[in-house]
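For the sequence shown, full-length UniProt numbering gives the first residue as 1, with consecutive numbering after it. Quick reminder that beta carbons are idealized off the backbone N, C-alpha and C, glycines included. A quick note: this is a predicted structure, and the numbers were derived from the prediction, not measured. In what follows, a structure is listed as structure tokens, so that the remarks can point back to it.
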Amino acid sequence: MFIATIPSVLYIDKLSRKPILTIDAIGMATCHIIIAVIVVKSRDSWDEHKAAEWAAVAMVWLFLIHFGYNWGPCAWILVAEIWPLSNRPYGIALGASSNWMNNFIVGQVTPDLLSGISYGAYIIFGLLTYSGAAFIWWGVPETKRLGLEEMDLVFGSEGVSRGDIERMEVVRREVGLDMIPGEMNTNGDVSPVTENKSERGEKIHAI
């Protein structure tokens, strides 16, 4: 799976999030359905269907590849992108807790599903993943290379990110990060950094 994440690292900002997420979800769902079909046809005679066994294993690996090159890393990117700065820590924490809670639920129910309904478990997960692809395509906006204010427009929350940016500018002014040494500020005064350097220079010259 680690190798499968490399394309995502290289091309995540060059390719649109939405189509890749949708195609990836369809690929994972199809792997589930194919495994279900293999189990239906071979569950009573696995010893006579060695090729089917290996085909099912190949579908598991293909599922992991699909997950690794997009849904695995891209989900965390989306969580970080869509929240305004003031709420981003809470949003990322909520996304992480939701992710691991759902992982826990899937891990707990999967053994019972496999023992109870056998191939039906793969059909359920496949249909859920197809529905995830539909949700991404029709319900999730494209976020590639969008700034904070553009995110406001996309999600209909205009003004939230603007307020964050204004607060950041106030902080920068208070700590002096918006002043370039040796230049004049908006009031026509020399920046504090320059003044400090001038004072130190005069003291050294006097000595």
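The count of Cβ pairs closer than 8 Å, one atom from the stretch 3-10 and one from the stretch 125-144, stays below three, leaving the stretches out of contact. Approximately 6 Å separates the beta-carbon atoms of Ile82 and Met151; this is inside 8 Å, confirming the contact.
For Ser97, the enclosing alpha helix (DSSP H) begins and ends at 88-117. Within its own chain, the residues whose Cβ lies closer than 6 Å to the Cβ of Ile35, once the five positions on either side in sequence are excluded, are Ala56, Met59, Tyr122, listed in chain order. For Val39, the closest C-alpha among the options Glu142, Tyr119, Asn102 is that of Tyr119.
For Gly27, the enclosing alpha helix (DSSP H) has its first and last residue at 17-42. Beta-carbon to beta-carbon, Trp71 and Asp24 are separated by about 6 Å, close enough to satisfy the 8 Å threshold. With fewer than 16 other beta carbons inside 10 angstroms of its own, Leu128 counts as exposed. Burial is judged here by how many other beta carbons sit within 10 angstroms of a residue's own beta carbon; Ile117 has fewer than 16 and is exposed. In the three-state reduction of the DSSP assignment, Thr143 falls in the coil class. Counting along the chain, Ser8 sits inside the alpha helix (DSSP H) bounded by residues 6-11. With a 10 Å radius around the Cβ and a threshold of 16 neighbouring Cβ atoms, Phe63 comes out buried. Scanning its chain for C-beta atoms nearer than 6 Å, with the 5 sequence neighbours on each side dropped, one finds no residue around Ala96.
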